[in-house]
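Asker: Just passing along the structure, written as structure tokens.
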Amino acid sequence: MTTDTPRADVDDPQLAAALDEFRAAIGAEHVATDLETRHEFSDTYSPRSWTEYLPPAVLQPATTEEVQEIVRIASRHGVELWANGQGRNNGYGGSAPAHAGTVVVNLRRMNRILEVNDEFSYVVVEPGVSFNDMYDYTQANGHTLWVDTPDIGWGSLVGNALEHGFGYTAHGDRANSVCGMEIVLPDGSLLRTGMGAMTDNPSWHLSKRGFGPMLDSLFMQSNFGIVTKMGLWCMPQPEYYITGWVTLEDDEHLPALLDAVRPLMIDRTIMNYPSVFTASGALAVVGKRTDFFPGDGPIPFEVSKAIVAQIPNLGMWNM
Ligand SMILES: Cc1cc2nc3c(=O)[nH]c(=O)nc-3n(C[C@H](O)[C@H](O)[C@H](O)COP(=O)(O)OP(=O)(O)OC[C@H]3O[C@@H](n4cnc5c(N)ncnc54)[C@H](O)[C@@H]3O)c2cc1C
């Protein structure tokens, strides 16, 4: 989140002054500056020598009001903020900011499931709620809806939706399932998208369109605000479902598979989001490259084929 004020650097006295105010606003115990936490909130899979991606501090607010206060303080002192939900996109950069001096605002403590609505098939969550939390909650409370998940359960619903994440059910295009967000803007004010712009409108999470332009996408894959609440459409638990696999023995069969699947997706015979992946993608899940091929350069096609032939139900391409 940027302001017109020039940004503070790591050793900047402005940053020190802002940190004092952050401590007063959200409690000193929720403002971490120790090296261990700063490493945890860069990328735990990055070399420790990449210190340029270490945030100088990690803030963990618990309420929307605390987020608003953080943003106002940061604005006054020219401190850049980088917000995330769980901040566990491990291996892809984690929650590391791209600029030195940027303070991470991690929202794991904002982890309330605000509503699960079976009748209208939606949920409303704070940004720290993970897919695992949501699954446990719906199971424990006898809910009948399915919340679409990505491959990993530890990420947040909000972070995944804002990053245009994908799962496999009919609501797998998560950004498209978002219905109504609450956002803290750079001046600390609150914006509610869609019907949420009207106070207490009961259709906030039912109708994506409010009056006028839809603003939700402005806050996805951007840094224009901090999302503090989100509604997501889900699907009712189906009576039956079938998982189908297609495996291809050769690369040249791939166009035929895509040509077969495309019309079925367009006419909505297939309503969910199939995943098409290579053998090497699948092998990376079960072992290291050196387990399969110790040589340099790309794994030769014939070597891959021989490995794949030994693994049941795996093809050179898989859907
Ligand atoms: C092994 C592995 C498998 C994966 N499989 C999948 C998969 O199948 N499908 C898929 O879609 N992804 C997948 N991912 C990618 C990613 O980890 C997931 O998308 C995960 O949901 C990220 O959750 P998070 O809470 O850690 O995201 P975060 O890192 O917390 O958030 C992601 C980004 O969204 C923005 N953001 C988050 N919260 C806010 C907020 N409140 N306000 C403003 N901006 C915010 C920030 O830009 C942030 O950097 C995978 C990752 C790994 C490591």
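This note's numbering numbers the first residue of the sequence shown as 1 and each following residue consecutively. Glycine included, each C-beta is placed from N, C-alpha and C at the ideal position.
Alpha carbon to alpha carbon, how far is residue 248 from residue 295? Give it in angstroms, no decimals.
Answerer: Distance between the alpha carbons of residue 295 and residue 248: 25 Å.
Asker: When burial is assigned at 16 or more other CB atoms within 10 Å of the CB, is residue 147 buried or exposed?
Answerer: Answer is buried; the Cβ neighbour count reaches 16.
Asker: Hey, is residue 176 close to ligand 1, as in C-beta under 7 Å from one of its heavy atoms?
Answerer: No, Cβ of residue 176 sits at least 7 Å from all heavy atoms of ligand 1.
Asker: For ligand 1, enumerate in chain order all residues having a CB closer than 6 Å to any of its heavy atoms.
Answerer: My final list is 83, 84, 85, 86, 87, 88, 89, 90, 91, 95, 107, 127, 150, 151, 152, 155, 156, 158, 159, 160, 162, 163, 165, 166, 226, 227.
Asker: Taking just the CA atoms, how far does residue 16 sit from residue 302?
Answerer: Roughly 59 Å separates the two Cα atoms.
Asker: Just how far apart, CA to CA, sit residue 92 and residue 48?
Answerer: C-alpha separation (whole angstroms): 15 Å.
Asker: Identify the continuous beta strand (DSSP E) that holds residue 181 and give its terminal residues.
Answerer: Where residue 181 is concerned, the enclosing beta strand (DSSP E) stretches over 178 to 184.
Asker: Any idea what DSSP makes of residue 79, helix, strand or coil?
Answerer: The answer is coil: DSSP assigns residue 79 none of H, G, I, E or B.
Asker: What does DSSP give as the partner residue(s) for residue 317 in the beta ladder?
Answerer: Its beta-bridge partners are 248, 278.
Asker: Helix, strand or coil: which one does DSSP assign to residue 288?
Answerer: Residue 288 falls in the coil class under three-state DSSP.
Asker: Between the Cα of residue 184 and the Cα atoms of 297, 242, 218, 102, which residue gives the shortest distance?
Answerer: The residue with the shortest Cα to Cα distance from residue 184 is 218.
Asker: Per the contact definition of three or more C-beta pairs closer than 8 Å, is the region 83 to 92 in contact with the region 101 to 108?
Answerer: A contact exists between the region 101 to 108 and the region 83 to 92.
Asker: Closer than 8 Å by C-beta to residue 94: which residues in its own chain qualify, once you throw out the five before and the five after it? Chain order, please.
Answerer: Excluding positions up to five away in sequence, the list reads 41, 42, 43, 44, 45, 46, 87, 88.
Asker: Can you tell me which of 142, 169, 126 puts its alpha carbon nearest to the alpha carbon of residue 273?
Answerer: Ranking the options by Cα distance to residue 273, first place goes to 169.
Asker: Below 8 Å on the Cβ atoms is my contact criterion, and I expect residue 231 with residue 204 to pass it. Report the Cβ-Cβ distance as a whole number of Å.
Answerer: The Cβ separation is near 7 Å, so the contact holds.
Asker: What is the DSSP secondary structure of residue 126, reduced to helix, strand or coil?
Answerer: Residue 126: coil per DSSP, three-state reduction.
Asker: Under DSSP, the alpha helix (DSSP H) around residue 158 begins and ends at which residues?
Answerer: Start and end: 157 to 162.
Asker: Using the Cα positions of residue 2 and residue 223, report the straight-line distance between them to the nearest angstrom.
Answerer: Below a pLDDT of 50, predicted positions are generally treated as unreliable, and residue 2, at 42, falls in that range; the measurement from the model is reported next regardless. Residue 2 and residue 223: Cα-Cα distance of roughly 8 Å.
Asker: Is residue 63 helix, strand or coil by DSSP?
Answerer: In the structure shown, residue 63 sits in coil (DSSP, three-state: anything other than H, G, I, E or B).
Asker: Any idea if residue 242 is buried or exposed, counting beta-carbon neighbours within 10 angstroms, 16 or more meaning buried?
Answerer: Per the 10 Å Cβ criterion, exposed.
Asker: For residue 25, which option in 57, 67, 145 has the closest C-alpha, if you only look at C-alpha atoms?
Answerer: For residue 25, the nearest C-alpha among the options comes from 67.
Asker: Output the distance between the C-alpha atoms of residue 117 and residue 210, rounded to the nearest integer angstrom.
Answerer: In a straight line, the C-alpha of residue 117 is about 20 Å away from that of residue 210.
Asker: With C-beta atoms as the reference, is residue 182 less than 8 Å away from residue 229?
Answerer: Against a cut-off of 8 Å, the Cβ pair of residue 229 and residue 182 comes out as a contact.
Asker: Going by the C-beta, is residue 146 closer than 7 Å to any heavy atom of ligand 3?
Answerer: What this structure holds is ligand 1, not ligand 3.
Asker: Could you please give the first and the last residue of the uninterrupted alpha helix (DSSP H) stretch that includes residue 266?
Answerer: Start and end: 254 to 266.
Asker: Within 10 angstroms of the Cβ of residue 4, are there 16 or more other Cβ atoms? Answer buried if so, exposed if not.
Answerer: In this predicted model, residue 4 has a pLDDT of only 42, less than 50, meaning its place in the structure is not dependable enough to derive any value.
Asker: Nearest to residue 155 by alpha carbon, out of 111, 186, 60?
Answerer: Closest option to residue 155, Cα to Cα, is 111.
Asker: On the three-state DSSP scale, how would you describe residue 14?
Answerer: It is helical.
Asker: On the CB-based measure, 16 or more other CB atoms within 10 Å of its CB, does residue 291 come out buried or exposed?
Answerer: Flag for residue 291 reads exposed.
Asker: How is residue 131 classed by DSSP in three states: helix, strand or coil?
Answerer: Residue 131: helix per DSSP, three-state reduction.
Asker: How is the alpha helix (DSSP H) around residue 115 delimited, first residue to last?
Answerer: Segment 113 to 117 is the beta strand (DSSP E) holding residue 115; no alpha helix (DSSP H) there.
Asker: Just how far apart, CA to CA, sit residue 312 and residue 275?
Answerer: Roughly 19 Å between the two C-alpha positions.
Asker: Looking at the structure shown, is residue 303 part of a helix, part of a strand, or coil, going by DSSP?
Answerer: If DSSP states are grouped into helix, strand and coil, residue 303 belongs with the helices.
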